[in-house]
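2 protein chains.
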Amino acid sequence: MNRHNLKHPHKELRKRLGTRFSTDDAVRDAHARDASYHQGTLPDAVAFPKTNAEVADIVRICAKYKIPIVPYGTGTGVEGAVVATEGVLCIALNEMNRILRVSPDDRDATVEAGVTRLQLNTHLTKIGTQLHFSVDPGADASLGGMVATRASGTSAVRYGTMLDNVLGLTVVTADGSIVQTGSRARKSAAGYDLTRLFIGSEGTLGIITEITLKLTRLPDAVASAVCAFPTVAAAVDTVIKMMDTGISIARIELLDELQMDAVNKYAGLDYEVAPTLFFEFHGSEHTVAESSEIAGKIAAMHGSGDFRWATDENERKRLWQARYDSYYAALNRRPGSVGYVTDVCVPISRLAECIAKTKALLATSYLIPSILGHVGDGNFHVVFPLEPNNKVELAEAQRLSDQIVDIALEMDGTCTGEHGVGVGKRNALEKEHGEAIDLMRAIKHALDPQNLMNPGKVFLSPQT
Amino acid sequence: MNRHNLKHPHKELRKRLGTRFSTDDAVRDAHARDASYHQGTLPDAVAFPKTNAEVADIVRICAKYKIPIVPYGTGTGVEGAVVATEGVLCIALNEMNRILRVSPDDRDATVEAGVTRLQLNTHLTKIGTQLHFSVDPGADASLGGMVATRASGTSAVRYGTMLDNVLGLTVVTADGSIVQTGSRARKSAAGYDLTRLFIGSEGTLGIITEITLKLTRLPDAVASAVCAFPTVAAAVDTVIKMMDTGISIARIELLDELQMDAVNKYAGLDYEVAPTLFFEFHGSEHTVAESSEIAGKIAAMHGSGDFRWATDENERKRLWQARYDSYYAALNRRPGSVGYVTDVCVPISRLAECIAKTKALLATSYLIPSILGHVGDGNFHVVFPLEPNNKVELAEAQRLSDQIVDIALEMDGTCTGEHGVGVGKRNALEKEHGEAIDLMRAIKHALDPQNLMNPGKVFLSPQT
Chain G
1 MNRHNLKHPH KELRKRLGTR FSTDDAVRDA HARDASYHQG TLPDAVAFPK
51 TNAEVADIVR ICAKYKIPIV PYGTGTGVEG AVVATEGVLC IALNEMNRIL
101 RVSPDDRDAT VEAGVTRLQL NTHLTKIGTQ LHFSVDPGAD ASLGGMVATR
151 ASGTSAVRYG TMLDNVLGLT VVTADGSIVQ TGSRARKSAA GYDLTRLFIG
201 SEGTLGIITE ITLKLTRLPD AVASAVCAFP TVAAAVDTVI KMMDTGISIA
251 RIELLDELQM DAVNKYAGLD YEVAPTLFFE FHGSEHTVAE SSEIAGKIAA
301 MHGSGDFRWA TDENERKRLW QARYDSYYAA LNRRPGSVGY VTDVCVPISR
351 LAECIAKTKA LLATSYLIPS ILGHVGDGNF HVVFPLEPNN KVELAEAQRL
401 SDQIVDIALE MDGTCTGEHG VGVGKRNALE KEHGEAIDLM RAIKHALDPQ
451 NLMNPGKVFL SPQT
Chain U
465 MNRHNLKHPH KELRKRLGTR FSTDDAVRDA HARDASYHQG TLPDAVAFPK
515 TNAEVADIVR ICAKYKIPIV PYGTGTGVEG AVVATEGVLC IALNEMNRIL
565 RVSPDDRDAT VEAGVTRLQL NTHLTKIGTQ LHFSVDPGAD ASLGGMVATR
615 ASGTSAVRYG TMLDNVLGLT VVTADGSIVQ TGSRARKSAA GYDLTRLFIG
665 SEGTLGIITE ITLKLTRLPD AVASAVCAFP TVAAAVDTVI KMMDTGISIA
715 RIELLDELQM DAVNKYAGLD YEVAPTLFFE FHGSEHTVAE SSEIAGKIAA
765 MHGSGDFRWA TDENERKRLW QARYDSYYAA LNRRPGSVGY VTDVCVPISR
815 LAECIAKTKA LLATSYLIPS ILGHVGDGNF HVVFPLEPNN KVELAEAQRL
865 SDQIVDIALE MDGTCTGEHG VGVGKRNALE KEHGEAIDLM RAIKHALDPQ
915 NLMNPGKVFL SPQT
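Chains as they are written, first to last, in the working numbering: chain G, 1 to 464; chain U, 465 to 928.
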């Protein structure tokens, strides 16, 4: 892509950004990939803007020289949305890390895109609010990256995903305009919902630079528990029944027996090696007590073992740490492996069947992955620990993943519940959306006619 | 618009639809306008499709002859989104009124666009579910119309708006394609959020024909109350404090003293003539009792009068009927008048100030409107009872409305919380969104290049 021109734009970018423009090999290498097996190349250079105006100038310079752009948050994604491709400039947003405003009465805040989830939550505690930002994907991701991938995680069953927790955005569009979407109003019927269009657009429609977020009250009381079940189906039926009663569940996570074994070994724990649910209840003291009691009864009706409760914060942290470490525990089943993770999501009434069909499929393979999932949302992950750079194993994981996607789509589900499309799910996206892909492509072309905003991501072929 | 061609398309449409294609004057007149003061002309004809395929064929015939299309639900909107303009074909969706599927375990349903809110809720009771569709704009609107205008209403503070309660759509696009957006998965990160793009697009991007909706558990217990306050500010502060405690409020509505007087007179009631909050609490028996008690204490701290409780269903219905009748009560202040309603929404911390500034502005006018609002969301309406066809009064209401919008935008609010843009808020939309309007126009042009989908709505000038 006009590589003969690169000298000149580099000069312009360096003039604008000084030392915050880098062609250093180590810097380029640190911004070449995400947390997954997806391989990229090195970006030609990395820019570290500090302001909207700087991002806009970078985009305008890149537009002038037709240089493609990849925005970069913390690199904690797993579908390759930020992997560098030939000739790209990486815009790293980690120096846009200011918390611009917190309004406790309105339960909202505005942050720059590089602010991380834990940075914001630490700040909210420090300034004495009883508020937190509730979306919890596990990793300490940047909030800009979480917007870009429509992230969710363990708490979505109660508090929603990024779709539900963003009021407005500042976006630098492909022509270098700085555009505000949404407002601070809690609801609006004022025209097309550009905010939701940019949420999940993975940098392909513009660079997200600021975010106005909804904040959530910290619960008065929290209780956590772990409980084993005879089968995955019994565990899922328990969850359906619990949702039916309206009890106050904030997290319900499923780990299969292989995953529980992995967790025990990784963290030195002694949980039963069986399909297991991890629960967390949030609410008033009374609500949590009431919900816990009802949950125990429903689980017992489905043949569960006893609940192992954790009400004090340390015990609760230890319990959930086992869940958060699941991915590493799964990889630890095969030391030195790299992870390949699926992410389908189906209507909860089909979840047990979807997992059963997935397990039957996996039984035909020499790969032996474990399963964990956000069962309240119908979302589960198959984690394959693969030998690094083993193309045969990668192809086998991809073959299985494609079939798992087919199983989920057959059940009115989606190929990706929370990880996004990146490069890993582009084929699956075509299968899932059919003609709707043409509308997405038309929007991409309308908003980025030169195809310079994270090209090659989301779509196999972006132009209409 | 090609009126010399109209004969031929009419022949084609009649051949396709038979008696479900009408050029009858009374039918055209019944589909010329909405529930507001906005005046249209008569549509050239009205089509009553029964299937997606029929809608697609109608759109294709209209595309061929460049005939603009207005989709029509129940005509209960108030911003003129369905008023007919010169040469349009009206597509009335009331014969697409089948409930296609209800899945209690998944708490979702798929309906055709002409199904109304009460039709669905009656059906959910009849088939024995403990579920309802929670968005409640007051009118028995069609669900397609509610999607198209991103409707909300009194229950949004707890259950969200149409934005939060739709999983997927079937849409007939400008080229006559039948497109599915979304899936039945509770969450997805699979590409651009077309579902949310069509929600609130007011028929300008395509015709919404089917909707997959989230359903909500009916609460175990409900309690309602009414409580007077010395000032609007005291009422709003009470609400902010209540939201802060996390109590389980499902509705909080504010009526000012003029509106309470109107309600008393309209419904033969004896409420105190003062700024008043209407509350509804949903949850378990204990939660509702606990929330009610805390709410009473907080209100008393802000100088409220006593709560008037209504726990049995008839009493509750009577209490809320007074709220639902507010619009008609407001018009009844001036018998024979037509309504002009504003719809701004601001961060709740600014709501008292916004209402105070609005009241100061209104004091400068000879019009004496009343105020009511969804105070938990920061959304309020000024209802002007106007003399029909009095252009001077209409101009005065518009002048005041424009200034109320300016007050709200100054406070990071929106010009329309729930009524949509239609023709009434097109100027305000430009003021609110600035450069973001260019992105909306680019999307409109990309998805409807001939500008035949409800042209003249949302945008003053839709083409880029």
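Note that CB positions come from ideal geometry on N, CA and C, so glycine has one too.
Contact set for residue i: own chain, Cβ-Cβ below 8 Å, skip 5 residues either direction
i	result
U/Leu826	Ile832, Pro833, Val846, Leu864
U/Arg480	Glu518, Asp521, Ile522, Ile525
U/Leu733	Val727, Ala786
G/His4	With a pLDDT of 48 at G/His4, under the threshold of 50, the predicted position of this residue should be treated as unreliable, and no value is reported.
Beta-carbon neighbours of residue i, restricted to chain C and to distances below 8 Å
i	result
U/Cys554	Reference to chain C is not applicable here, since the protein chains of this structure are G and U.
Distance, residue j Cα to residue i Cα
i	j	result
G/Tyr340	G/Ala330	11 Å
G/Gln119	G/Ala35	20 Å
U/Lys651	U/Ser755	31 Å
G/Ala300	G/Thr209	49 Å
U/Gln503	U/Ser665	21 Å
G/Phe307	U/Thr702	40 Å
U/Leu916	G/Arg101	43 Å
U/Pro919	U/Thr613	15 Å
U/Gly886	U/Lys921	5 Å
U/Ala859	U/Gly888	12 Å
U/Ala654	U/Thr515	28 Å
G/Val344	G/Glu418	9 Å
Bridge partners - residue i, DSSP secondary structure assignment
i	result
U/Leu836	U/Leu719, U/His845
G/Asp105	Its beta-bridge partners do not exist; DSSP assigns none.
G/Val111	G/Ile99, G/Ile211
G/Arg217	G/Leu131
G/His282	G/Val222
G/Leu169	G/Thr181, G/Ile211
G/Ile91	G/Ala47, G/Pro71
G/Val341	G/Val383
G/Thr276	G/Ala228, G/Leu255
G/Phe477	No answer is possible for residue 477 of chain G: the residues shown for chain G start at 1 and end at 464.
U/Thr878	U/Cys809
Three-state secondary structure (DSSP) of residue i
i	result
U/Leu795	helix
G/Met96	coil
G/Gln450	coil
U/Arg581	helix
U/Arg660	helix
G/Val346	coil
G/Arg316	helix
G/Arg150	coil
G/Asn2	Unreliable positioning characterises G/Asn2 in this predicted model, as indicated by a pLDDT of 46, which lies under 50. The coordinate reading is nonetheless provided below. Correct three-state label for G/Asn2: coil.
U/Ile762	helix
G/Arg441	helix
G/Ile61	helix
G/Ile247	coil
U/Cys818	helix
G/Arg186	coil
G/Ser142	strand
U/Ser665	coil
G/Arg308	strand
Cβ shell of residue i (< 6 Å), same chain only, five flanking positions each side left out
i	result
G/Phe48	Arg20, Ala92, Glu95
U/Val643	Val635, Thr637
U/Arg797	Ala726, Pro849
G/Arg314	For the record, residue 314 of chain G in the displayed sequence is Asn; it is not Arg. Counting only Cβ-Cβ distances below 6 Å, and skipping sequence neighbours, we find nothing.
U/Thr487	Ala509
Cβ-Cβ separation, residue j to residue i (assumed contact under 8 Å), whole Å
i	j	result
G/Gly376	G/Ile249	7 Å
G/Thr216	G/Leu143	The pair is not a contact, with the Cβ atoms about 14 Å apart (cut-off 8 Å).
U/Arg648	G/Pro68	Actually they do not touch by this definition, with Cβ atoms about 36 Å apart.
U/Asn629	U/Ser598	7 Å
U/Leu677	U/Val575	7 Å
Own chain partners of residue i with C-beta closer than 7 Å, once the 5 adjacent residues on each side are dropped
i	result
G/Val88	Pro43, Asp44, Pro68, Ile69, Val70
G/Gln450	Ala63, Lys66, Ala174
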